[in-house]
Amino acid sequence: MICSLFVKYVPDYFGKAMKILLLSLTLFLSISSCSQESASSGTSSSETPVAEVAAIEAPLVFPGLAERLPDNTTAFFSITDFDKIRTVGQSGFLGRTWSQSKMQRFFAEATVANQEAWMEIQDQLSSEGLGKEFLKWSTYDLISGGYAHGERPFFIVEFVLHSEKSAQQLFEYFSKMEARGEFGDDFHVALNGSALHFSRGEMVETGASLTSLESFRADWRINQNASAPVMVWLNVLEAASQQQPGLDPAIVGLSSLHAFSGWSESGASTAEFSMRFLKAAKPEWVDYFGVANPDLLKYIPSNAETAIVGNFQVAKLFRDHFLENETELEGIDLETLFSGLGSNYWGWSRSKGMTPTGFLAFEVSNFETVNPEFEKMMRYVLAHPSNIDKVSAMPLIRAKRLKLRVKDENGKMVDRAGPAYFSYIGLSDSIPQMGGMKITLEPTIALHPDGWFLLGWDVAGVKKALREKIKPLNRNILSHDDAEDFFASIPKGANLALWENWQPQFKQLLGLAQMGMGVLTATAKNAGGAGGFGDDLPFDLANIPNLQILVAEMRPAHTTVVVEPTRLRVRYESNFALADIPFFAGFLIGAAPLGIQIVEDSTGQTIPIFSSKSSELEF
Numbered sequence: 001m002i003c004s005l006f007v008k009y010v011p012d013y014f015g016k017a018m019k020i021l022l023l024s025l026t027l028f029l030s031i032s033s034c035s036q037e038s039a040s041s042g043t044s045s046s047e048t049p050v051a052e053v054a055a056i057e058a059p060l061v062f063p064g065l066a067e068r069l070p071d072n073t074t075a076f077f078s079i080t081d082f083d084k085i086r087t088v089g090q091s092g093f094l095g096r097t098w099s100q101s102k103m104q105r106f107f108a109e110a111t112v113a114n115q116e117a118w119m120e121i122q123d124q125l126s127s128e129g130l131g132k133e134f135l136k137w138s139t140y141d142l143i144s145g146g147y148a149h150g151e152r153p154f155f156i157v158e159f160v161l162h163s164e165k166s167a168q169q170l171f172e173y174f175s176k177m178e179a180r181g182e183f184g185d186d187f188h189v190a191l192n193g194s195a196l197h198f199s200r201g202e203m204v205e206t207g208a209s210l211t212s213l214e215s216f217r218a219d220w221r222i223n224q225n226a227s228a229p230v231m232v233w234l235n236v237l238e239a240a241s242q243q244q245p246g247l248d249p250a251i252v253g254l255s256s257l258h259a260f261s262g263w264s265e266s267g268a269s270t271a272e273f274s275m276r277f278l279k280a281a282k283p284e285w286v287d288y289f290g291v292a293n294p295d296l297l298k299y300i301p302s303n304a305e306t307a308i309v310g311n312f313q314v315a316k317l318f319r320d321h322f323l324e325n326e327t328e329l330e331g332i333d334l335e336t337l338f339s340g341l342g343s344n345y346w347g348w349s350r351s352k353g354m355t356p357t358g359f360l361a362f363e364v365s366n367f368e369t370v371n372p373e374f375e376k377m378m379r380y381v382l383a384h385p386s387n388i389d390k391v392s393a394m395p396l397i398r399a400k401r402l403k404l405r406v407k408d409e410n411g412k413m414v415d416r417a418g419p420a421y422f423s424y425i426g427l428s429d430s431i432p433q434m435g436g437m438k439i440t441l442e443p444t445i446a447l448h449p450d451g452w453f454l455l456g457w458d459v460a461g462v463k464k465a466l467r468e469k470i471k472p473l474n475r476n477i478l479s480h481d482d483a484e485d486f487f488a489s490i491p492k493g494a495n496l497a498l499w500e501n502w503q504p505q506f507k508q509l510l511g512l513a514q515m516g517m518g519v520l521t522a523t524a525k526n527a528g529g530a531g532g533f534g535d536d537l538p539f540d541l542a543n544i545p546n547l548q549i550l551v552a553e554m555r556p557a558h559t560t561v562v563v564e565p566t567r568l569r570v571r572y573e574s575n576f577a578l579a580d581i582p583f584f585a586g587f588l589i590g591a592a593p594l595g596i597q598i599v600e601d602s603t604g605q606t607i608p609i610f611s612s613k614s615s616e617l618e619f
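In my numbering, the protein residues as written are 1 to 619.
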């Protein structure tokens with residue numbers, strides 16, 4: 001059985017707790033892989049999207065161990081809906097990509113080998129008194145686990161099976177392993193009805209459960225309303241207190257971290273992360289976040305591949321932490337410099353060959369007043385020793401001034417000195433070429449006369465912006481249907497909204513990869529003599545698909561940040577999220593024992609990473 005293989009060969013230096021974790025994950029991933037064979041495609045119309053809905057006073061139904069863990073539990077996780085992971089996961093990006101006919105033809109041999117490997121695993125189960133039902137989703141209801149560190153640490157994982165009979169069978173199997181000492185002296189297997197427990201250490205009774213904590217209850221209600229199948233929770237205050245007893249909660253400022261993941265109604269993978277503040281000691285930095293201005297999206301061109309709009313009080317940050325009692329530096333009026341910085345910002349980027357172009361723009365209230373102090377500051381930086389590369393003795397920052405061709409008072413075209421710009425030139429040479437194409441990356445800053453501080457990816461993009469007026473565009477990013485829909489749906493009071501269309505960039509990268517596929521194919525077929533090891537690969541080299549099919553199903557990513565009175569939350573929606581990991585890893589676990597001999601030792605001889613005729617790993 002795969003579980004016993006992993007446990008037996010995990011070295012002791014990983015620690016007993018890690019062995020338990022690997023055991024639990026391996027069992028779960030084994031289930032996920034086998035279940036994919038019979039999984040149906042498509043998403044039920046009744047699926048609840050992973051999105052926070054209005055809080056309702058519905059009874060809280062806590063998962064698994066939650067009500068039995070003490071209130072000093074540091075971390076908790078749960079996977080509550082295997083069927084959703086199976087069915088909805090297949091309708092996501094990974095499932096849609098895998099189901100394409102070209103992908104199926106390419107991996108036809110691997111699929112057959114995968115199925116054969118799982119038949120062998122089923123035979124192993126039978127020889128050990130276990131039926132193949134232990135490799136089916138329907139056998140399990142949920143997984144949950146908890147961990148605490150400190151003077152008396154403990155770690156526990158619970159598998160809840162669909163029937164007590166099945167749980168009893170697994171308990172007897174792992175009890176024999178425990179009796180043989182394969183898990184260590186401090187490892188325990190226990191059975192409670194249909195719940196199978198793997199634990200290290202002993203939970204200390206505190207008189208209160210994890211579910212009595214206000215922060216856990218609040219976070220779980222959000223998770224419950226979202227119907228998300230995967231959840232992770234961290235008691236920040238408890239973890240900090242165990243690490244440093246007597247720590248002032250005001251220093252921590254946070255009570256918990258919470259993450260959950262699932263899928264939207266459209267099949268997009270979603271995840272949400274939040275940090276909850278202590279009521280009596282909210283972190284100071286929370287006050288720096290303001291409300292984004294969606295009108296600034298009109299400044300972003302329609303061909304942008306990423307677009308962002310947000311609000312952050314930069315001036316307040318500098319005043320609070322950098323200025324202190326100093327308002328002047330080497331003749332620079334710092335108060336004037338930083339007071340001109342506004343809080344609104346917007347930005348965009350686009351791939352230009354292998355080089356990104358675009359910039360972030362932060363509002364500046366008074367260009368005529370701020371710009372002289374800005375240039376003084378940059379002259380100070382240029383003259384500072386830190387601007388010199390210690391190896392080459394060359395400057396790392398290059399300063400230039402834009403030359404503008406304008407009409408004078410007589411209508412004659414003349415050259416005038418324009419805004420200054422400053423580029424960091426010590427980065428591009430350290431970036432390797434890809435496919436013969438050099439990546440040029442020179443971060444550049446400048447003050448635009450229209451009242452914007454520009455932070456760009458490249459010199460050319462910033463220079464172009466300086467030569468033009470920055471104004472709302474008739475054809476802007478909102479002309480992209482997906483971007484328009486996303487920005488129209490961002491929560492009220494959002495601090496940040498980020499839209500990312502990764503498809504064009506991935507197309508470029510995959511195009512370069514496709515160029516090398518011919519070389520790879522020839523190498524694989526000729527390596528090792530006649531026939532090469534290409535014939536032993538788990539895919540058909542003659543059916544290598546165009547790699548562009550990997551991006552055919554790719555959708556733009558959506559990210560929002562919202563700062564609320566009690567927490568900061570980040571929501572992400574795209575092609576891959578936390579809930580997809582079991583779906584994806586399940587296939588990898590199933591592919592592990594294929595017996596592919598592609599690993600070479602020092603003599604050049606291929607060695608098997610797994611013997612298909614044995615239940616033991618070979619080294």
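For each residue, glycine too, the CB sits at the ideal point set by N, CA and C.
Could you tell me how far apart the beta carbons of residue i and residue j are, in whole angstroms, since I believe they sit closer than 8 Å?
i: residue 553; j: residue 96; result: 4 Å
i: residue 140; j: residue 157; result: Rounded, the Cβ-Cβ distance is 13 Å, inconsistent with contact.
i: residue 145; j: residue 73; result: Not confirmed; about 10 Å, so no contact.
i: residue 337; j: residue 314; result: Residue 337 to residue 314, Cβ: 11 Å. No contact.
i: residue 162; j: residue 126; result: Residue 162 to residue 126, Cβ: 20 Å. No contact.
i: residue 486; j: residue 558; result: 5 Å
i: residue 256; j: residue 236; result: 6 Å
i: residue 200; j: residue 186; result: 5 Å
To which residues of the same chain is residue i closer than 6 Å at the C-beta, ignoring the five residues directly before and after it?
i: residue 367; result: 449, 451
i: residue 230; result: 79, 261, 578, 579
i: residue 493; result: 291
i: residue 46; result: Bear in mind that a pLDDT of 33 at residue 46, under 50, signals an unreliable position, so the number given afterwards is only what the model happens to contain. So the list is empty, once near-sequence residues are dropped.
i: residue 408; result: 414
i: residue 333; result: 373
i: residue 327; result: 334, 335
i: residue 592; result: Because the pLDDT at residue 592 is just 41, under 50, the model does not fix this residue reliably, and the value given afterwards should be weighed accordingly. Result list for residue 592: empty, nothing under 6 Å.
i: residue 232; result: 77, 259
i: residue 412; result: none
i: residue 456; result: 359, 444, 462
Nearest by alpha-carbon distance to residue i: which of the options is it?
i: residue 61; options: 217, 100, 119; result: 217
i: residue 477; options: 395, 415, 567, 346; result: 346
i: residue 221; options: 456, 134, 63; result: 63
i: residue 102; options: 557, 563, 549; result: 549
i: residue 197; options: 206, 172, 219; result: 172
i: residue 244; options: 116, 150, 375, 86; result: 150
i: residue 351; options: 504, 224, 360, 318; result: 504
i: residue 68; options: 174, 472, 210; result: 210
i: residue 424; options: 397, 416, 410; result: 397
i: residue 153; options: 242, 236, 174; result: 242
i: residue 462; options: 264, 564, 500, 421; result: 421
i: residue 58; options: 225, 268, 279; result: 225
i: residue 468; options: 405, 488, 411; result: 405
i: residue 355; options: 381, 375, 305; result: 305
i: residue 203; options: 66, 287, 479, 488; result: 66
Name the DSSP beta bridge partners of residue i, please?
i: residue 140; result: 161
i: residue 197; result: 158, 190
i: residue 358; result: 349
i: residue 491; result: Paired residue(s): none; residue 491 is not in a bridge.
i: residue 499; result: 307, 558
i: residue 146; result: 76, 156
i: residue 133; result: Looking at the DSSP assignment, residue 133 forms no beta bridge with any residue, so it has no partner.
i: residue 574; result: 269
i: residue 423; result: 398, 444
i: residue 285; result: Beta-bridge pairing links residue 285 to no other residue.
i: residue 377; result: For residue 377, which the question treats as bridged, DSSP gives no partner whatsoever.
i: residue 171; result: Bridge partners of residue 171: none, in fact.
i: residue 222; result: Note: residue 222 sits in no beta bridge, so no partner.
Grab me the residues of residue i's own chain with a C-beta within less than 8 Å of its C-beta, minus the 5 sequence neighbours each way, in chain order.
i: residue 419; result: 371, 401, 402, 446, 447, 448, 449, 466
i: residue 427; result: 441, 442, 443
i: residue 473; result: 298, 299, 300, 301, 302
i: residue 602; result: Note that residue 602 has pLDDT 37, beneath the 50 cutoff, so the model's placement of it is unreliable and the number below is only indicative. Cβ neighbours of residue 602 beyond the five flanking positions: none.
i: residue 496; result: 292, 308, 309, 310, 311, 559, 560, 561
Residues in its own chain within less than 7 Å of residue i by CB, not counting five upstream and five downstream?
i: residue 364; result: 340, 341, 342, 370, 447, 451, 452, 453
i: residue 318; result: 338
i: residue 475; result: 302
Would you call the segment 267-282 and the segment 561-570 touching, i.e. three or more CB-CB distances under 8 Å?
yes
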